[in-house]
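Chemist: So the sequence shown is numbered by the numbering used here: it starts at 4 and just counts up by one. C-beta: ideal position from N, C-alpha, C; glycine also. Note that the coordinates shown come from a computational prediction; the quantities given were computed from them, not determined experimentally.
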Amino acid sequence: MTTLDAALATCVAGWLLFQVADRLLTYRWWWWATTDVLPPPVHVVIPAGLLGAALTTGGPHLWTAVVGVLALALGMRHSGLAPRVPWTIRRGTGTTRGVRVVCWNTQHWDESVDTEDFYAFLRGLDADVYLLQEHIYNAGVHAPPIPVDFRERLTREFPGHHVLVSGQFVTLSRFPVVATPETGAPEVFRADLRVDSVPGAPVLSTYNVHLPVHVFLENPFRLGLYQEIRERVESRNRQLDQLIDDVRVNECPAVIAGDFNLSRSQGDIARLSAVATDALAANQSLYPVSWHRGNAWLRWWRLDLAFTTRGARAEHYRFRDPQGLSDHAVQELVIDVRKDA
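Right, here's the structure in full:
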């Protein structure tokens, strides 16, 4: 084995160890959350590149090839890629047969955009249910947000909807509101809706979610940065646990959607997937992303997620361009709601 072969073999083995550590340490060790700054595609680009380099040097040794292929397979889960085969793609109905839901992180409401354009865009989405986040103004990354309250304007703009406001969360519903149960998680707002127009499914629970940002793309030597990351990681983990517990005992069909501030399908999402179904199965994009819509260099992440449970199922799911009004794309779903089997 040449020096180059040995170096490539070491790199391949090192990357496999990183992938294994990722599965063992995610959610269990707060510091590991800093690896979220890696763009998701590196999880397949690096092992594929190492294997390609080994091939150009005369072909990898058997164990190097096996380790490289295993690292590539493990990395696929975190790559952001959503490969499809024709029979796994659900074709959305595109009709009003189901419940039309849109979910959007508005990026501090209308603070930095034209107010009339903002409300015109919201009305144009024409949804049965709106799950909106960041009904607040920005006071800086490390400062508490500035509270706002635009309930009166929302009531005028959406006369056919019930208007619910809870801190940064706005839920608008064409359907009557049955209850707004507490979940125990400050960054989750639940509203139960009586969906009279869907036979056999009288109540749909909606979870409007915005989990804390836990890693900042900034100076890594800033005093206090890592203590802040630790506190935010612990906070988001507690809230995710509370959300999962609430979903697990909720007997109603439900849609759980919002800005989860996750860079890839890590352990957090695997835990949520144990009690709910990722709507991604109804999306036809090979590489779906939702952030950063205003910066091509940061457009690698799907931070906005949607899940359904029990009798609710996503028949149509796509990301819509926010037309410069936010750095997050709009999640648009058509939910088919039936009795829980």
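(1) Straight-line CA distance for Trp-18 to Gly-101?
(2) By Cβ distance, which residues of its chain are closer than 6 Å to His-138, with the 5 residues on each side in sequence left out?
(3) Quick one: complete beta strand (DSSP E) runs, 3+ long, within the stretch 133-206?
(4) I'd like the span of the beta strand (DSSP E) that includes Cys-106, first residue to last.
(5) Are Thr-366 and Ser-329 closer than 8 Å when you measure CB to CB?
(6) Using only the alpha-carbon positions, how far apart do Gly-261 and Asp-120 sit?
(7) Considering Cα atoms alone, identify which of Glu-237, Leu-125, Ile-232 is closest to Arg-31.
(8) Considering Arg-316, what are the terminal residues of the alpha helix (DSSP H) in which it resides?
(9) Given that a residue counts as buried once 16 or more other Cβ atoms are within 10 Å of its Cβ, and exposed if not, what is Trp-300?
(10) Counting Cβ pairs closer than 8 Å, one from the stretch 207-222 and one from the stretch 158-165, do we hit at least three?
(11) Can you tell me the Cα-Cα spacing of Val-218 and Val-250, whole angstroms?
(12) Helix or strand or just coil, what does DSSP make of Gly-261?
(13) Can you give me the start and stop residues for the beta strand (DSSP E) that Leu-308 sits inside?
(14) Tell me which same chain residues have a C-beta within less than 8 Å of the C-beta of Ala-277, skipping the five on either side of it?
(15) Assuming Asp-195 contacts Val-181 under a Cβ cut-off of 8 Å, what Cβ separation, rounded to an integer in Å, is found between them?
(16) Could you please give me the residues that DSSP links to Glu-335 through a beta bridge?
(17) I'd like to know whether the C-beta atoms of Ala-317 and Ala-273 end up nearer to each other than 8 Å.
(18) Once the 5 residues before and after Ala-74 are set aside, which same chain residues still bring their CB inside 7 Å of it?
(19) Exposed or buried, Asp-339, counting other C-beta atoms within 10 Å across all chains shown (16 or more means buried)?
(20) Among Asp-39, Asp-131, Tyr-290, Asp-25, which has the Cα closest to the Cα of Ile-232?
(21) What three-state label does DSSP hand Tyr-348 in the structure shown?
(22) Could you spell out the range, first to last residue, of the alpha helix (DSSP H) harbouring Arg-239?
(23) If you draw a straight line from the C-alpha of Thr-96 to the C-alpha of Val-337, how long is it?
(24) Measure the Cβ-Cβ separation of Asp-324 and Cys-106 and say whether it is below 8 Å.
(25) Measuring straight from C-alpha to C-alpha, what distance separates Thr-118 and Arg-241?
(26) Verify whether the separation of the beta carbon atoms of Phe-310 and Ala-279 is less than 8 Å.
(27) Using CA atoms only, rank isn't needed, just tell me which of Thr-13, Ser-82, Asp-25, Thr-37 is closest to Pro-43.
(28) Could you please give me the residues that DSSP links to Asn-347 through a beta bridge?
(29) For the alpha helix (DSSP H) holding Thr-118, just list the boundary residues, first then last.
(30) When the Cα atoms are used, what is the spatial distance from Pro-150 to Arg-156?
(31) Within 10 Å of its beta-carbon, does Ser-115 have 16 or more other beta-carbons around it, so buried, or fewer, so exposed?
(32) Let me check understanding here. Comparing Cα to Cα, which of Ala-257, Glu-190, Phe-178 lies closest to Thr-209?
Modeler: Looking at the atomic coordinates:
(1) Translated into positions along the sequence shown, residue 18 becomes position 15. Translated into positions along the sequence shown, residue 101 becomes position 98. Taking the straight line from one Cα to the other gives about 45 Å.
(2) Counting from one through the sequence shown, the residue named residue 138 turns up at place 135. Counting only Cβ-Cβ distances below 6 Å, and skipping sequence neighbours, we find Trp-112, Gln-171, Val-173.
(3) 165-169, 172-176, 180-182, 191-197
(4) Taking the first residue of the sequence shown as position 1, residue 106 is located at position 103. Element bounds for Cys-106: 102-108.
(5) The structure shown does not extend to residue 366, since the chain is modelled only from 4 through 344, so no value can be given for it.
(6) For the purposes of this step, residue 261 is taken as the residue at position 258 of the sequence shown. For the purposes of this step, residue 120 is taken as the residue at position 117 of the sequence shown. In a straight line, the C-alpha of Gly-261 is about 22 Å away from that of Asp-120.
(7) Taking the first residue of the sequence shown as 1, we reach residue 31 at position 28. Selected option, being the one with the closest Cα: Glu-237.
(8) Your numbering for residue 316 matches position 313 in the sequence shown. Where Arg-316 is concerned, there is no enclosing alpha helix (DSSP H), although the beta strand (DSSP E) it sits in stretches over 315-323.
(9) Your numbering for residue 300 matches position 297 in the sequence shown. Burial call: exposed.
(10) no
(11) The residue labelled residue 218 in the question sits at position 215 within the sequence shown. The residue labelled residue 250 in the question sits at position 247 within the sequence shown. Taking the straight line joining both Cα atoms gives about 26 Å.
(12) To locate residue 261, count along the sequence shown from 1; it is residue 258. Here Gly-261 sits in strand by DSSP.
(13) Along the sequence shown, read from residue 1 onward, the residue named residue 308 stands at position 305. Per DSSP, Leu-308 belongs to the beta strand (DSSP E) from 307-312.
(14) Taking the first residue of the sequence shown as position 1, residue 277 is located at position 274. Here the set comprises Ile-247.
(15) Walking along the sequence shown from the start, residue 195 turns up at place 192. Walking along the sequence shown from the start, residue 181 turns up at place 178. Confirmed, about 4 Å.
(16) Locating residue 335 in the sequence shown gives position 332, where the first residue counts as 1. Paired residues: Val-105, Arg-321.
(17) In the sequence shown, counting from the first residue as 1, residue 317 sits at position 314. In the sequence shown, counting from the first residue as 1, residue 273 sits at position 270. No, these two residues do not count as a Cβ contact at 8 Å.
(18) Translated into the one-based positions of the sequence shown, residue 74 becomes position 71. The answer, listed in chain order, is Val-15, Trp-18, Leu-19, Gln-22, Pro-50.
(19) On the sequence shown, residue 339 is found 336 positions in, with the first residue counted as 1. It counts as buried.
(20) The count along the sequence shown starts at 1 and reaches residue 232 at position 229. When only C-alpha atoms are compared, the closest one is Asp-39.
(21) Given a span of 4 to 344 for the chain in the structure shown, any question on residue 348 remains unanswerable.
(22) In the sequence shown, counting from the first residue as 1, residue 239 sits at position 236. Note, Arg-239: alpha helix (DSSP H), 228-252.
(23) Residue numbering aside, residue 96 sits at position 93 when the sequence shown is read from its first letter. Residue numbering aside, residue 337 sits at position 334 when the sequence shown is read from its first letter. Because the pLDDT at Thr-96 is just 42, under 50, the model does not fix this residue reliably, and the value given afterwards should be weighed accordingly. One C-alpha to the other measures close to 8 Å.
(24) If you number the sequence shown from 1, residue 324 lands on position 321. If you number the sequence shown from 1, residue 106 lands on position 103. Not in contact: Asp-324 and Cys-106 (Cβ atoms no closer than 8 Å).
(25) For this step, residue 118 is matched to residue 115 along the sequence shown. For this step, residue 241 is matched to residue 238 along the sequence shown. Their Cα atoms are separated by approximately 35 Å.
(26) Indexing the sequence shown from 1 puts residue 310 at position 307. Indexing the sequence shown from 1 puts residue 279 at position 276. Cβ atoms of Phe-310 and Ala-279: closer than 8 Å.
(27) Your numbering for residue 43 matches position 40 in the sequence shown. For Pro-43, the nearest C-alpha among the options comes from Ser-82.
(28) As shown, the chain starts at 4 and ends at 344. That puts residue 347 outside it, with no answer to give.
(29) Translated into positions along the sequence shown, residue 118 becomes position 115. That run of the alpha helix (DSSP H) goes 118-128.
(30) Translated into the one-based positions of the sequence shown, residue 150 becomes position 147. Translated into the one-based positions of the sequence shown, residue 156 becomes position 153. Each residue's alpha carbon lies about 15 Å from the other.
(31) Against the sequence shown, residue 115 aligns to sequence position 112. Exposed, since its Cβ has fewer than 16 Cβ neighbours within 10 Å.
(32) Walking along the sequence shown from the start, residue 209 turns up at place 206. Nearest of Ala-257, Glu-190, Phe-178 to Thr-209, Cα basis: Ala-257.
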